[in-house]
Structure formats: structure tokens, C-alpha cells
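Structure first, then comments.
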Amino acid sequence: MSRFLECRKISKVFGGIKALNNVSLSVAPHSIVGVIGPNGAGKTTLFNIISGSLLPSTGEVIFKGKRISGMGPARVCRLGIARTYQLVRPFNSLSAMENVMIGLAFGRAEPVARRARVAEAFKILQMVGLEGKTNHAAEGLTLVEKKHLEIARALATAPQILLLDEVVSGLNPTEITRTVDTIKQIQKRGITIIMVEHILKVVMALCERVVVLNYGVQIAEGTPEQVVLDEAVIEAYIGSFEDAEEKPHA
Amino acid sequence: MVFYSVFVLLWIILAALPWLGFSYGVVWIFLLAVSFTLALSYDIVGGYMGYMNLGHSTFFGLGAYTTAILLNQGFNLFTSLLAAFLLAAFFAALISYPLFRLRGAYFALATFGLISLIEVLTVNLRDLTGGSGGISTPPGNHMLPAYYMVLGVAAATMVLSHSVARSKFGLGLFSIREDEEVAQSFGVPTSLYKGLALVISSVPASLVGGIYVWNMTYVSPESVFGLEIALSPIIMAMLGGTGVMIGPLVGAVFITLVQEFLWTKVPYFHLAMYGTVLVLLGLFMPGGIVRTRWVKPFIQRLGLGEAVEYFKNVDAERMS
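Quick note, the sequences are listed as chains A and B, same order.
Just so we're aligned, residue 30 is where the first sequence starts under this note's numbering, counting upward by one.
Just so we're aligned, residue 136 is where the second sequence starts under this note's numbering, counting upward by one.
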């Protein structure tokens, strides 16, 4: 297995709750990896740990041979790991252009020079289909536009790994198709993608490998086809026959 | 270009004022320019960065006291002013560390407490500050030079505020205002920028404080650490519109005009008015005067759009 990005035996404890328990994950360059699991499985916690906004209780994250857990989100971002947020968090009263420019100006190891910033920001907005909204305030955008703006802001930091946290949830089928296309475009540029997703159709269409979490424990890993037939996964999502027989009213 | 020429023209007119025989106008513009500079420098922290610094007048008071004390020691004005702003900047850097560990209402409260802290110090360090009686500085008529100096500081503050807003630093401040956590994870050096913003905003405030006391030849704890001097710049910035340069200007002119009419008829009423204005603002005009539906298009038509929105990002419909 490659040594591009590795999560080694990560656990995270919040008070008495183990949000993650010994999760290990290895990601090959240029791949798309999906992280799925029921609500509260620890998917977003895993993202927060990879992106550096949370410290793991035990375990470590290794990116290109360097230990990045403990570096803090800003340095992780400059090293090349950018993220979007599940509940969108663009800079609301700033324009789409400025949102991207913040990524360009601060999120790169070598910031884009002032003169080149506008042109570069426009290129990135074009890539996600927001070239018509450059001067619109982010808070006036629709949900799908906000999600694309978050992708653009993350792309502006010139990432090698892009973490997408439920980027298609809440979108309609047309918007989902468009977003899936955008994600494919991004992968073609050589960017590795790790995505948390609930919508299995999208995961099946995009991901080469899928990791399934349930109550913080990694219960399955493999290709999407293998994973959806895995008994532990089916049980986590819809329960087992024994459960149904024991508790008919549950 | 229109943007700059309008302000240059305005300043030429103001500079000519003393020679046209408006002696009362000169006093009035002097006080207006002091308030405006305070409001504009407050806005770097309060508007651009979104941290409501209720203790901004601390810098004004520090500047005033330092200048007064040094003038009485026989130092000349420029040395005194230099010391005043260095001290204020140093003080700002010092307090930024504990203060910026707080956010939102807690930050506002802590900064408000800062005024009382410094006020109690000035009242009790009697040997240095003259206690609650205040101190007088060497007398003399300094109205005219003081007037030009304040105009100069006000203009410099405008240039400063404008260039901050268009710089990478300004972009960082805006991102802190919108979502500090996200800003930080996108590499904005938030602690450094917050401290730097406070230091930058302290400099004009301390300078006008020094010039003010030199002109008035008297300073007391009440006159520089009082509630009015603490609140009025903030009300001006908010009434006019925070986060854009023309906001504090409109607010300062408006409030000073209203004061002018109320003061003579109903003493102390303006204090009650500040409170009322603040409440009404939150309810009906959260973006301030310059962002209302009627005013903003008008300003833009004058070619001053740059002064209302630096990055074409503020939507009139949304704000009003």
C-alpha cells in the first residue's frame, strides 16, 4: 500500500464517547476514497482529524512520510490538504471571488502574487461553474452554489488531497449529476479525493475504495460493490433479522 | 479616480475654511474631525474585523494624557505626540494577547472594562496625572495649527483605512469577521492579524487625543474616559455603516449635526439619543445609512461606489 496519506490506529474520545476507535486508513495518490456510515459513525470527526482541526486521542496521521496530526489546520492546509464543510461555511458577506482569493492568498505554501490573484480566482470559479457569480455575496447563493464555492475555495489552496464532507447532500438529482462531473474533473487534475457521503449512488459512481464506519469502528473496507454486499454493513444500516425478532416494536 | 478627487476637493475646502472667516466652523470641524478619526480607526477592528472594541477611547485617553504630561515636562509637541502614539501602540500590542482570547459579547465587555481600569489608574496615580482634577497644559491659542494637524491625521487615517481594506491583510480581517475558525484553517494568521489590527487602530486615536489636549489645554479623566467619548465613535461608525470607509464619515457628520441642535436646547439629551439610535439601528438599519436602499445607489451614481463597497460585495436588498 502506498504511503501517500495514512491514518494509523486513530481513536478520538469526547468525554465518555468513543467517536473513533482504532480506525486505520490508507489512501493512494489520485484515487477517490469514500467514507460512509450511518449518522454519528464518526465520519466528520475523521475529517476534522485529517484536516488538523482536531487532535486524535491516540494514533497519528501521516502525509507523504510526515506526521501531520498536531500541526494545526493552517499548516496542514499549506501542506496540501483542503476541505469543505458539511454545513456550508463560506465567508458570507464576501463575494465569491473574495472567498476564493482567501484560499489563494493564505492557503498555499507559496501564496499567489497579488496581480495574478483575480485571474487565478476566476479560473477556479469557472471550473466549478460559478464564473457568472464572481461578484455575488456568498450568502445570496443557492445551496448548490455555496457547496461549489466551498470546493472552489478549497481548490484555491492548490491541494493534493481534497476532503469533501457530504458535498451532494441536500441537492436535487440534476445538481448531483453536475457535482459528480465536477468531482471527476478535479480528480483528472491529479487531486486525491476523500469524500464522506450518504448518497450511495454517488459513492458507487465515484469511489474506487470505500471505508465503512459504524459507532467509530471500521466495519468494512473494499470496492463499493464488495462493501454494499458486506453483512456487517447491511446490519449497520438496516439492522439484522435477529434484532427484528427480538424487538418487534423497536 | 473620482473617489480620490472628491476627498481631495473636500479637504481643500476644509483647509480653506479658516481663511474664509468661519471661526465657529473651524472649531466645529475640528471636533468633527476628531470624532471621525476615532470612528474610522475604530472601524478597522470593529467593522473590518468584526470585533466590537468598546474600549477604543482608551487609546484616545492614553494619547491625551501622555501628551499632556510630556508637554508639562517641557517636551515639544512632536516629541510628545510621538511618545503618545508609541505608548498607545505598545499598550494595544500588550492587551491584544489576553483580549483576543475572547470573542463576541465577551470581547466587547472586556474592552469596556478596560476603560474603567485605565480611568481608575488615572484618578489614583495623582502625582503623574493630577487625579480626578485633571491636568492643564501650557496655555496658548493653538486652534489653527491643531485644526490642520487633525485634518492631516484624519486624511492619513482615511488613506490607511482604504489601503488596509484593499490589501491581503484586509482580506484576512474580513475573513476573520465572517468565520474565524474557517479563516484559521485556510491559513489566515488570525492571532497576528488581530493584534496588528488593534495596534493600527490605536495609532490615529492616540494622535488625535494628543492634538485634542494640546488644543484644549486641559484633560480630565471624565473628558477622555467618559461614556460619551467611548460610545460616540462607535455609534457614528454603526449609524453610518461599518466596514466601509464612508460609513464613519456619514455617521460622524450626522451625529455631530444632531448634537449641535440638541445640545443647545436639551442638555445631555444626546446621551439618551445614543442609546435610542443604537436600538433603532439594530432593528431597522443593520447596515447603516450608507447601505440603505435609498442612499447606496445615490452614492454609487456619484462615482463613489468604491467607498461603499470595496469588493462589490454588499447587497443593498440584503442589508436593509
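Even glycine gets a Cβ: it sits at the ideal position worked out from N, Cα and C.
Need the endpoints of the beta strand (DSSP E) that Asn51 (chain A) sits in, please. Segment 46-56, the beta strand (DSSP E) holding Asn51 (chain A).
Under 8 Å by Cβ, that's how I've got Leu159 (chain A) and His177 (chain A) pegged, so tell me the actual separation to the nearest angstrom. About 6 Å separates the CB atoms of Leu159 (chain A) and His177 (chain A); that is less than 8 Å, so the two are in contact.
Could you have a look at Asn243 (chain A) and say whether DSSP puts it in helix, strand or coil? Of the three classes helix, strand and coil, the one that applies to Asn243 (chain A) here is strand, per DSSP.
Under a CB-based cut-off of 9 Å, is Phe235 (chain B) close to chain D? Annotation note: the requested chain D is absent from the structure, which comprises protein chains A and B.
For the candidate residues A:Asn68, A:Leu54, A:Ser80, A:Ala187, whose alpha-carbon lies nearest to that of Val141 (chain A)? From the listed residues A:Asn68, A:Leu54, A:Ser80, A:Ala187, the smallest Cα separation to Val141 (chain A) is found for A:Ala187.
Can you tell me whether Cys236 (chain A) is helix, strand or coil according to DSSP? The three-state secondary structure of Cys236 (chain A), taken from DSSP, is coil.
List the residues of chain A whose Cβ lies closer than 8 Å to the Cβ of Val323 (chain B), in chain order. Simply Ala103, Ile131, Phe135.
Residues of chain A with CB under 9 Å from Leu306 (chain B), in chain order? Within 9 Å Cβ-Cβ: Leu123, Glu127, Met130, Ile131, Ala134, Phe135.
Rounded to the nearest angstrom, how far is the Cβ of Thr352 (chain B) from that of Ser271 (chain B), given a contact under 8 Å? Yes, Thr352 (chain B) and Ser271 (chain B) are in contact; Cβ-Cβ is about 6 Å, under 8 Å.
Mark Val294 (chain B) as exposed unless 16 or more other C-beta atoms lie within 10 angstroms of its C-beta, in which case mark it buried. With fewer than 16 other Cβ atoms within 10 Å, it is exposed.
Would a C-beta distance cut-off of 9 Å place Val129 (chain A) and Ala57 (chain A) closer than the cut-off? In this structure, Ala57 (chain A) does not lie closer than 9 Å to Val129 (chain A) by Cβ.
DSSP state of Glu139 (chain A) mapped onto helix, strand, coil: DSSP, reduced to helix, strand and coil, places Glu139 (chain A) outside both helices and strands of the structure shown, so it counts as coil.
If you draw a straight line from the C-alpha of Ser355 (chain B) to the C-alpha of Ala111 (chain A), how long is it? A straight-line Cα-Cα distance of about 54 Å links Ser355 (chain B) and Ala111 (chain A).
Just to confirm my understanding: we take Thr257 (chain B), look at its own chain, exclude 5 residues before and 5 after, and list those with CB closer than 6 Å. What are they? Around Thr257 (chain B): Thr264, Pro356.
Looking at chain A, is there any beta carbon in it that lies within less than 9 Å of the beta carbon of Arg428 (chain B)? With 9 Å as the cut-off, Arg428 (chain B) does not count as an interface residue toward chain A.
Based on DSSP bridge pairs, tell me the residues matched to Asp259 (chain A). Here Asp259 (chain A) is not bridged, per DSSP, to any residue.
Please name the residue or residues paired with Phe6 (chain A) in a DSSP beta bridge. Because chain A is modelled from 30 through 279, residue 6 (chain A) falls outside the range shown and cannot be assessed.
Sheet register partners of Ala166 (chain A) (DSSP bridge): Paired residue(s): A:Ser124.
Can you pull the chain A residues whose beta carbon is under 8 Å from the beta carbon of Val317 (chain B), in chain order? Among the residues of chain A, those whose CB is under 8 Å from the CB of Val317 (chain B) are Tyr114, Arg118, Phe120, following chain order.
With H, G and I counted as helix, E and B as strand and the rest as coil, what does DSSP make of Arg436 (chain B)? Helix, per DSSP.
For Glu452 (chain B) and Ala240 (chain B), I'd like the C-alpha separation in whole angstroms. Residue placement at Glu452 (chain B) cannot be trusted, given a pLDDT of 32 that sits under 50; what the coordinates show is reported in the next sentence. Distance from the CA atom of Glu452 (chain B) to the CA atom of Ala240 (chain B), rounded to whole angstroms, is 27 Å.
To the nearest angstrom, how far is the alpha carbon of Phe213 (chain B) from that of Ile346 (chain B)? Each residue's Cα considered, the two are about 10 Å apart.
Does DSSP classify Ala279 (chain A) as helix, strand or coil? Note that Ala279 (chain A) scores a pLDDT of 46, beneath 50, so its modelled location is shaky; the value from the coordinates is reported in the next line. Reduced to three states, the DSSP call for Ala279 (chain A) is coil.
Tell me the rounded alpha-carbon separation between Phe446 (chain B) and Leu123 (chain A). With a pLDDT of 47 at Phe446 (chain B), under the threshold of 50, the modelled position of that residue is not reliable, and the figure given next carries that caveat. If you take the alpha carbons of Phe446 (chain B) and Leu123 (chain A), they lie about 8 Å apart.
Quick one: Cα of Val246 (chain A) to Cα of Cys106 (chain A), how far? Computed Cα separation, rounded: 27 Å.
Chain B contact for Pro140 (chain A) (CB, 9 Å cutoff): At least one C-beta of chain B is nearer than 9 Å to the C-beta of Pro140 (chain A).
Please list the terminal residues of the continuous beta strand (DSSP E) segment that includes Phe92 (chain A). Under the DSSP assignment, Phe92 (chain A) falls in the beta strand (DSSP E) whose first and last residues are 87-92.
How would you list, in chain order, the residues of chain A whose beta-carbon sits under 9 Å from the beta-carbon of Phe309 (chain B)? The contact set of Phe309 (chain B) on chain A, defined by CB atoms closer than 9 Å, consists of Phe120, Ser122, Leu123, Glu127, Ile131 in chain order.
Quick one: is Arg20 (chain A) near chain B, going by C-beta distance under 9 Å? Any answer about residue 20 (chain A) is impossible in this case: the structure gives chain A only from 30 up to 279.
Could you give the DSSP three-state label for Ser296 (chain B): helix, strand or coil? Here Ser296 (chain B) sits in helix by DSSP.
Counting along the chain, where does the alpha helix (DSSP H) carrying Gly345 (chain B) start and finish? Element bounds for Gly345 (chain B): 325-351.
Three or more beta-carbon pairs under 8 Å between the stretch 55-71 of chain A and the stretch 31-38 of chain A, yes or no? Counting Cβ pairs under 8 Å, three or more are found: they touch.
From Ala228 (chain B) to Val334 (chain B), what distance separates their C-alpha atoms? Approximately 6 Å, taken between the alpha carbons.
Give a yes or no on whether 9 Å exceeds the smallest Cβ distance from Asp314 (chain B) to chain A. Yes, contact with chain A.
Which word fits Ser326 (chain B), buried or exposed, when buried means at least 16 other C-beta atoms lie within 10 angstroms of its C-beta? Exposed, by the Cβ-count rule.
Cβ-based burial, Arg428 (chain B) [other Cβ within 10 Å; buried from 16]: Arg428 (chain B) comes out exposed.
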